[in-house]
Amino acid sequence: MKKIIKLSAALLLVLTASSCKKYLDIEPVGKVIPTTAEDFRALLNSGYTGFAEHKSMLALRTDELLLNENEEGTAAYRDSYKWNDANPDPVSTAFPYIAFYKSIFYANSVIADVENRAGKTPETAQLKGEAYLLRAYNHFELLNLYAKSYDKSTASTDRGVPLAVTVNLEQNYKPASVEAVYNQIFSDLAEGQKLLNVDNFDAGKNYRFTRRAALAFAARIYEFRGEWANALKASQDALALGNQLEDLNAGENPLLPNQYTSKENIMSMEDAFNSDLTKISFIAPHLIGIYNQENDKRFALYFGRSGSRYIGKKGASSEYKISFRNGELYLIQAEAALQTGNLSVALQSLMALKAKRLTPAYFATEQTRISGLDKAGLLQEILNERERELALEGHRWYDLKRYGQPELKHTVNGVTYTLQKNDPRYVIRFPQEAITANPNLQ
Numbered sequence: 001m002k003k004i005i006k007l008s009a010a011l012l013l014v015l016t017a018s019s020c021k022k023y024l025d026i027e028p029v030g031k032v033i034p035t036t037a038e039d040f041r042a043l044l045n046s047g048y049t050g051f052a053e054h055k056s057m058l059a060l061r062t063d064e065l066l067l068n069e070n071e072e073g074t075a076a077y078r079d080s081y082k083w084n085d086a087n088p089d090p091v092s093t094a095f096p097y098i099a100f101y102k103s104i105f106y107a108n109s110v111i112a113d114v115e116n117r118a119g120k121t122p123e124t125a126q127l128k129g130e131a132y133l134l135r136a137y138n139h140f141e142l143l144n145l146y147a148k149s150y151d152k153s154t155a156s157t158d159r160g161v162p163l164a165v166t167v168n169l170e171q172n173y174k175p176a177s178v179e180a181v182y183n184q185i186f187s188d189l190a191e192g193q194k195l196l197n198v199d200n201f202d203a204g205k206n207y208r209f210t211r212r213a214a215l216a217f218a219a220r221i222y223e224f225r226g227e228w229a230n231a232l233k234a235s236q237d238a239l240a241l242g243n244q245l246e247d248l249n250a251g252e253n254p255l256l257p258n259q260y261t262s263k264e265n266i267m268s269m270e271d272a273f274n275s276d277l278t279k280i281s282f283i284a285p286h287l288i289g290i291y292n293q294e295n296d297k298r299f300a301l302y303f304g305r306s307g308s309r310y311i312g313k314k315g316a317s318s319e320y321k322i323s324f325r326n327g328e329l330y331l332i333q334a335e336a337a338l339q340t341g342n343l344s345v346a347l348q349s350l351m352a353l354k355a356k357r358l359t360p361a362y363f364a365t366e367q368t369r370i371s372g373l374d375k376a377g378l379l380q381e382i383l384n385e386r387e388r389e390l391a392l393e394g395h396r397w398y399d400l401k402r403y404g405q406p407e408l409k410h411t412v413n414g415v416t417y418t419l420q421k422n423d424p425r426y427v428i429r430f431p432q433e434a435i436t437a438n439p440n441l442q
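Quick note, in UniProt numbering, the sequence shown goes up one by one and the last residue is 442.
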């Protein structure tokens, strides 16, 4: 199978200040300065390929997975499973931090120089627009890992993450407020949308930001902030550019929505699930329990038997690449419509997705049941459907943060660990390596 992204970081701006090189661990390759659109595409590809891999680790912190204590490699993830970010074992795999800023560095380099060096053309405009979006997406993920969920009343004082918006080798990486980081994200989103001129890239190149991906990203931002009218409009605008869903009733081996070749895949930069975590985890009873195993077609496609347990199948192939897809947009549309009081649109959006995921007979039964739900019941059904549709892809942790931050319990070697309701550990601590390099993160 053709690899989606295999371009290396062969082109870099010449760096002279050792402090930034040491902090970001970026080494210049030769002394080549990019001058053509092709050069800058290779440079930006380094930002895409270097994007952090963290969402599968988020699934370990939720009620989606159990840790397989009998499997070699478990020790690297045990602390994440126990929500032990303060004093992890030296062998533990930390959540990424530097990787985000490496990706931002490449985006900043393109933003700063692509038009000056390669001219102003539709191609360079697209490149610069993608770079703005990539920078925004990195800051967005950093914020949702290492800061509190957005609260309008406290966002201006809640600590966020460092903003990196220039190729400044002496930059002070001091955390900005949550509000300030979101303001920058919105600014980058707006600047990027002015420049983007491609609606969709063909499979194999659809790891890149497009007009459609920018709208899907906007819908997710507004959803996370609870700005429901804006979330509804962005999701509808994105779906207006392409609203197809994979029909999982179509044959024995249907294309899955998280495959990069799927017609509903909007952007495929990230792995759907990390294969390393497949080896050291089982699917938790909670997640198994929310599916109708016989009539929800996703169950057998997402999970497979391993003895008496189930394991995830999403990390079984490099075909599974997903960042944004139509299934998520239908769910954002449903959630936003409900929160703005439009229950009929919410129900219509939810059932449009279910029609492509459930057997016809079971869908008819579900349609009758769900049509009778009140607003609270319909919201819970939408959140349950997010679990089913987006299982193991990192969304569950963010949804738990957005809705109540409930108590969770995990057991390791017979010892039960508890994440309390509204526990401060719903905000992940900056990795010790990052704190050591930058005391401002203390």
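Glycine included, C-beta positions come from ideal geometry on N, C-alpha and C.
For this session: Please report the Cβ distance between Val181 and Gly204, rounded to the nearest whole angstrom; I am assuming they are in contact, meaning their Cβ atoms lie under 8 Å.
Result: The sequence position of residue 181 within the sequence shown is 181, counting from 1. The sequence position of residue 204 within the sequence shown is 204, counting from 1. Val181 to Gly204, Cβ: 32 Å. No contact.
Exercise. Could you check where the alpha helix (DSSP H) with Ala361 kicks off and where it finishes?
Worked result: Numbered from its first residue, the sequence shown carries residue 361 at position 361. DSSP places Ala361 in the uninterrupted alpha helix (DSSP H) bounded by Pro360 to Ser371.
Problem set entry | the region 38-52 / the region 377-392 touching (three or more Cβ pairs under 8 Å) | Output reads no: the region 377-392 does not touch the region 38-52.
Exercise. What are the residues that DSSP puts in a beta bridge with Ser177?
Worked result: As a working mapping, residue 177 is identified with position 177 in the sequence shown. Answer is Arg159, bridged to Ser177.
Problem set entry | Option nearest Glu38 by Cα separation, candidates Lys409, Arg117, Glu69 and Arg298 | Here residue 38 is taken as the residue at index 38 of the sequence shown, counted from 1. The residue with the shortest Cα to Cα distance from Glu38 is Arg117.
Exercise. Which value, in whole angstroms, describes the spacing of the CA atoms of Ala231 and Phe217?
Worked result: Your numbering for residue 231 matches position 231 in the sequence shown. Your numbering for residue 217 matches position 217 in the sequence shown. Linking Ala231 to Phe217 through their CA atoms gives a straight-line distance of about 10 Å.
For this session: For Arg78, count neighbouring C-beta atoms within 10 Å of its own C-beta (all shown protein chains included) and say buried if the count is 16 or more, exposed if not.
Result: The count along the sequence shown starts at 1 and reaches residue 78 at position 78. It counts as buried.
Exercise. How far does the beta strand (DSSP E) with Leu419 in it reach, from first residue to last?
Worked result: Walking along the sequence shown from the start, residue 419 turns up at place 419. For Leu419, the enclosing beta strand (DSSP E) covers residues Val415 to Leu419.
Exercise. Would you report the Cα separation of Tyr207 and Ile221, rounded to the nearest angstrom?
Worked result: Numbered from its first residue, the sequence shown carries residue 207 at position 207. Numbered from its first residue, the sequence shown carries residue 221 at position 221. Each residue's CA atom was taken as its position, placing Tyr207 and Ile221 some 19 Å apart.
Exercise. Given Ile428, which residues of its chain have a CB within under 7 Å of its CB, disregarding the five upstream and five downstream residues?
Worked result: On the sequence shown, position 428 is the one that residue 428 refers to. Taken in chain order, the residues that qualify are Asp85, Phe95, Leu145 and Tyr146.
Exercise. What's the C-alpha gap between Asn422 and Ala155?
Worked result: What you label residue 422 is simply residue 422 of the sequence shown in a count that begins at 1. What you label residue 155 is simply residue 155 of the sequence shown in a count that begins at 1. Straight-line Cα distance between these residues: approximately 17 Å.
Exercise. Where does Lys313 land, buried or exposed, given buried means 16+ other C-beta within 10 angstroms?
Worked result: As a first step, residue 313 is located in the sequence shown; it is residue number 313 there, counting from the start. Under the 10 Å beta carbon count, Lys313 is surrounded by 16 or more other beta carbons and is classified as buried.
For this session: List the residues that DSSP assigns as beta-bridge partners of Arg325.
Result: Translated into the one-based positions of the sequence shown, residue 325 becomes position 325. BP columns for Arg325 point to Asn265.
Exercise. Which value, in whole angstroms, describes the spacing of the CA atoms of Thr93 and Glu223?
Worked result: Translated into positions along the sequence shown, residue 93 becomes position 93. Translated into positions along the sequence shown, residue 223 becomes position 223. Roughly 30 Å between the two C-alpha positions.
Exercise. DSSP three-state call for Gln293: helix, strand or coil?
Worked result: The residue labelled residue 293 in the question sits at position 293 within the sequence shown. Judged by DSSP in its simplified three-state form, Gln293 adopts coil rather than helix or strand.
For this session: Can you tell me which of the three DSSP states Ser281 falls into?
Result: Position 281 of the sequence shown, counted from the start, is the residue given in the question as residue 281. Looking at Ser281 - three-state DSSP - the assignment turns out to be strand.
Exercise. Per DSSP, what kind of secondary structure is Ile111 in: helix, strand or coil?
Worked result: For the purposes of this step, residue 111 is taken as residue 111 along the sequence shown, with counting starting at 1. It is helical.
Problem set entry | Where Thr124 sits in the DSSP three-state scheme | Numbered from 1 along the sequence shown, position 124 holds the residue referred to as residue 124. Note: Thr124 maps to helix in three-state DSSP.
Exercise. Is Val110 close to chain C, meaning its C-beta is less than 8 Å from at least one C-beta of that chain?
Worked result: This model lacks chain C altogether, as it is built from one protein chain only.
For this session: Report yes if the C-beta distance between Glu387 and Phe273 is below 8 Å; otherwise report no.
Result: Residue 387 sits at position 387 when you count from the first residue of the sequence shown. Residue 273 sits at position 273 when you count from the first residue of the sequence shown. For Glu387 and Phe273, no; Cβs fall outside 8 Å.
For this session: Would you kindly work out how many angstroms separate the C-alpha atoms of Ala125 and Tyr132, rounded to a whole number?
Result: Numbered from 1 along the sequence shown, position 125 holds the residue referred to as residue 125. Numbered from 1 along the sequence shown, position 132 holds the residue referred to as residue 132. Rounded to whole angstroms, Ala125 to Tyr132 spans 11 Å at the Cα level.
Exercise. Got a sec, what are the start and stop residues for the alpha helix (DSSP H) Phe209 sits in?
Worked result: Within the sequence shown, numbered from 1, the residue matching residue 209 stands at position 209. For Phe209, there is no enclosing alpha helix (DSSP H), as DSSP marks it with neither H nor E.
Exercise. Among the residues of its own chain, which have a CB less than 7 Å from the CB of Ala238, if the five just before and after it don't count?
Worked result: Taking the first residue of the sequence shown as position 1, residue 238 is located at position 238. Excluding residues within five positions, the ones whose Cβ falls inside 7 Å are Arg212, Leu215, Ala216, Ala219 and Leu329.
Exercise. Would you say Asn249 and Thr359 are within 8 Å of each other, going by their C-beta atoms?
Worked result: Within the sequence shown, the letter at position 249 stands for residue 249. Within the sequence shown, the letter at position 359 stands for residue 359. Yes, the pair counts as a contact, with Cβ atoms nearer than the cut-off.
Exercise. Does the count of Cβ pairs from the region 277-288 and the region 58-75 closer than 8 Å reach three?
Worked result: Yes, the region 277-288 is in contact with the region 58-75.
Exercise. Is it the case that the Cβ atoms of Asn326 and Gln442 are separated by a distance below 8 Å?
Worked result: Counted from its first residue, the sequence shown places residue 326 at position 326. Counted from its first residue, the sequence shown places residue 442 at position 442. No; because the gap between Cβ atoms is not below 8 Å, this pair is not in contact.
Problem set entry | Rounded separation between Asp89 and Glu141 - CA only | Numbered from its first residue, the sequence shown carries residue 89 at position 89. Numbered from its first residue, the sequence shown carries residue 141 at position 141. Distance between the alpha carbons of Asp89 and Glu141 is about 25 Å.
Exercise. In or out: Tyr302 buried (at least 16 other Cβ within 10 Å) or exposed?
Worked result: The residue you call residue 302 lines up with position 302 of the sequence shown. Answer is buried; the Cβ neighbour count reaches 16.
Exercise. With Lys401 and Ser149 assumed to form a contact (beta carbons below 8 Å), what rounded beta-carbon distance in angstroms separates them?
Worked result: Start at 1 with the first residue of the sequence shown, and residue 401 comes out as number 401. Start at 1 with the first residue of the sequence shown, and residue 149 comes out as number 149. Contact flag correct, Cβ pair sits at about 5 Å.
Exercise. If you run the structure through DSSP and keep just helix, strand and coil, what is Gly192?
Worked result: As a first step, residue 192 is located in the sequence shown; it is residue number 192 there, counting from the start. The answer is helix: DSSP assigns Gly192 an H, G or I state.
Exercise. What are the boundary residues of the beta strand (DSSP E) that Lys409 is part of?
Worked result: In the sequence shown, the residue the question calls residue 409 occupies position 409. Its beta strand (DSSP E) spans residues Leu408 to Val412.
For this session: Provide the residue span of the alpha helix (DSSP H) that contains Leu353, from first to last.
Result: Reading the sequence shown from its first residue, position 353 is the one you call residue 353. In the DSSP annotation of this structure, the continuous segment of the alpha helix (DSSP H) that includes Leu353 starts and ends at Leu343 to Ala355.
Exercise. Would Pro424 be called buried (16 or more neighbouring beta carbons within 10 Å of its own) or exposed?
Worked result: Counting from one through the sequence shown, the residue named residue 424 turns up at place 424. Around the C-beta of Pro424, fewer than 16 other C-beta atoms lie within 10 Å, and the residue is accordingly described as exposed.
Exercise. According to DSSP, is Gln259 helix, strand or coil?
Worked result: Reading the sequence shown from its first residue, position 259 is the one you call residue 259. In the three-state reduction of the DSSP assignment, Gln259 falls in the strand class.
Exercise. Exposed or buried, which one is Phe430 when buried takes at least 16 other CB atoms within 10 Å?
Worked result: Residue 430 sits at position 430 when you count from the first residue of the sequence shown. In the assembly as shown, Phe430 is a buried residue. Its beta-carbon has 16 or more other beta-carbons within 10 Å.
Exercise. Distance, Cα to Cα, Arg309 vs Ile33?
Worked result: The count along the sequence shown starts at 1 and reaches residue 309 at position 309. The count along the sequence shown starts at 1 and reaches residue 33 at position 33. Distance between Arg309 and Ile33, taken at the CA atoms: about 53 Å.
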